[in-house]
Amino acid sequence: MAELKGQFFRKNYMAKKRLKKEKFLILICGLPSTGKTTLAKKLAGQINQYILISQNDIRRKMGIKRMPKTQEKVLRAIDRLIAENLLSGLGVICESVNRCSFRRQQIYGVASGCGRRVITLEIVCSEETAKSRILKRQKGDELISDPTDPAVYDRLKTLWQNIGVDFQYPGEDHVAYLQFDSEKNKLKRIIPRKGMREIFNQIEKTLRS
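If you're matching positions, the sequence shown starts at 92 in the numbering used here and goes up one per residue.
Here it is in structure tokens:
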């Protein structure tokens, strides 16, 4: 299955690359208050022809307040939007905690099916800084609110699956891995891929500005 998936991806990727400048799926992951949402909006505002898909925004539009009972419905809507926009020729920036390796690999599969490569961008900062940011948050709208209790950070931290796990399986050679420390303003290119230097430079310049 992984071999067939790789063959399908390479065929579609090379065909699209010949036609136009390559667009990517930038998958933004990280624990609460590391800076994901702020930096995702920054990237979407600075990199041309990329649209932002945020899980919280999707939940607002669908009128869904609580998960996980409705989680599958939300995730399928996100996958559909990713595919529609990638197939239309746009790049996509998708932002959420994305704590689970299985879920991240589902998204990689969506991109692969569209003949696109993925840049997984993990946003990090110290636990102390993240919890300080959480305590300073103001209440959001009645439908969706970012956590204002540091205990949420602790819970998600225990559930977090390291992104390095994603690369222990075959068939993910179309996925790169970057890590940005929002506290130190520093980008690490942990798993780079050939032909991605230009977009890496764009991402780094935007995040650090």
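No residue lacks a Cβ here, since even glycine has one placed at the ideal position from N, Cα and C.
Local Cβ density within 10 Å of residue 249, reported as buried at 16 or more and exposed below that | Looking up residue 249 in the sequence shown gives position 158. Classification for residue 249: exposed.
What is the DSSP secondary structure of residue 145, reduced to helix, strand or coil?
-> Here residue 145 refers to the residue found at position 54 when the sequence shown is read from its first residue. Assignment of residue 145 by DSSP, reduced to helix, strand and coil, places it in the strand class.
Taking all protein chains shown into account, decide if residue 242 is buried (16 or more other Cβ within 10 angstroms of its Cβ) or exposed.
-> Against the sequence shown, residue 242 aligns to sequence position 151. Counting other Cβ atoms within 10 Å of its Cβ, residue 242 stays below 16 and is therefore classed as exposed.
Find out if the Cβ-Cβ distance for the pair residue 225, residue 123 is shorter than 8 angstroms.
-> The sequence position of residue 225 within the sequence shown is 134, counting from 1. The sequence position of residue 123 within the sequence shown is 32, counting from 1. For the 8 angstroms CB-CB criterion, residue 225 and residue 123 form a contact.
Since residue 142 and residue 189 are thought to touch, with beta carbons under 8 angstroms apart, how far apart are those beta carbons, to the nearest angstrom?
-> Working through the sequence shown from its first residue, we reach residue 142 at position 51. Working through the sequence shown from its first residue, we reach residue 189 at position 98. The Cβ separation is near 18 angstroms, so there is no contact.
Rounded to a whole number of angstroms, what is the C-alpha to C-alpha distance between residue 270 and residue 283?
-> Taking the sequence shown and counting its residues from 1, one reaches residue 270 at position 179. Taking the sequence shown and counting its residues from 1, one reaches residue 283 at position 192. One alpha carbon belongs to residue 270, the other to residue 283, and they sit about 11 angstroms apart.
Within 10 angstroms of its Cβ, does residue 221 collect 16 or more other Cβ (buried), or is it exposed?
-> Mapped onto the sequence shown, residue 221 falls at position 130. By the neighbour-count rule (16 or more Cβ atoms within 10 Å), residue 221 is buried.
Return the bridge partner residues of residue 280 from the DSSP annotation.
-> If you number the sequence shown from 1, residue 280 lands on position 189. According to DSSP, which records beta bridges pairwise, residue 280 is partnered with 269.
Straight-line CA distance for residue 285 to residue 228?
-> As a working note, residue 285 is residue 194 in the sequence shown. As a working note, residue 228 is residue 137 in the sequence shown. Approximately 40 angstroms, taken between the alpha carbons.
For residue 181, which residues of its own chain have a beta-carbon under 6 angstroms away from its beta-carbon, when the five flanking residues on both sides are left out?
-> Within the sequence shown, the letter at position 90 stands for residue 181. Contacts found: 140, 142.
So is residue 171 buried or exposed if we call it buried at 16+ other beta carbons inside 10 Å?
-> Here residue 171 refers to the residue found at position 80 when the sequence shown is read from its first residue. Label assigned to residue 171: exposed.
Starting from the Cα of residue 245, find the closest Cα among 264, 223, 196 and give me that residue.
-> Counting from 1 along the sequence shown, the entry for residue 245 is found at position 154. In this structure, 223 is the residue among 264, 223, 196 with its C-alpha nearest to the C-alpha of residue 245.
Determine the DSSP secondary structure at residue 234, reduced to helix, strand or coil.
-> The residue labelled residue 234 in the question sits at position 143 within the sequence shown. A caution first: residue 234 carries a pLDDT of 49, below 50, which makes its placement in the model unreliable, though a value can still be read off. Looking at residue 234 - three-state DSSP - the assignment turns out to be coil, as it is neither helix nor strand.
Do residue 116 and residue 185 come within 8 angstroms of each other at the CB atom, strictly closer than that value?
-> Indexing the sequence shown from 1 puts residue 185 at position 94. Indexing the sequence shown from 1 puts residue 116 at position 25. In terms of Cβ geometry, residue 185 and residue 116 form a close pair [threshold 8 angstroms].
Residue 119 and residue 135 look like a contact to me (Cβ under 8 angstroms); what is the Cβ gap, rounded to whole Å?
-> What you label residue 119 is simply residue 28 of the sequence shown in a count that begins at 1. What you label residue 135 is simply residue 44 of the sequence shown in a count that begins at 1. About 10 angstroms separates the two Cβ atoms, so there is no contact after all.
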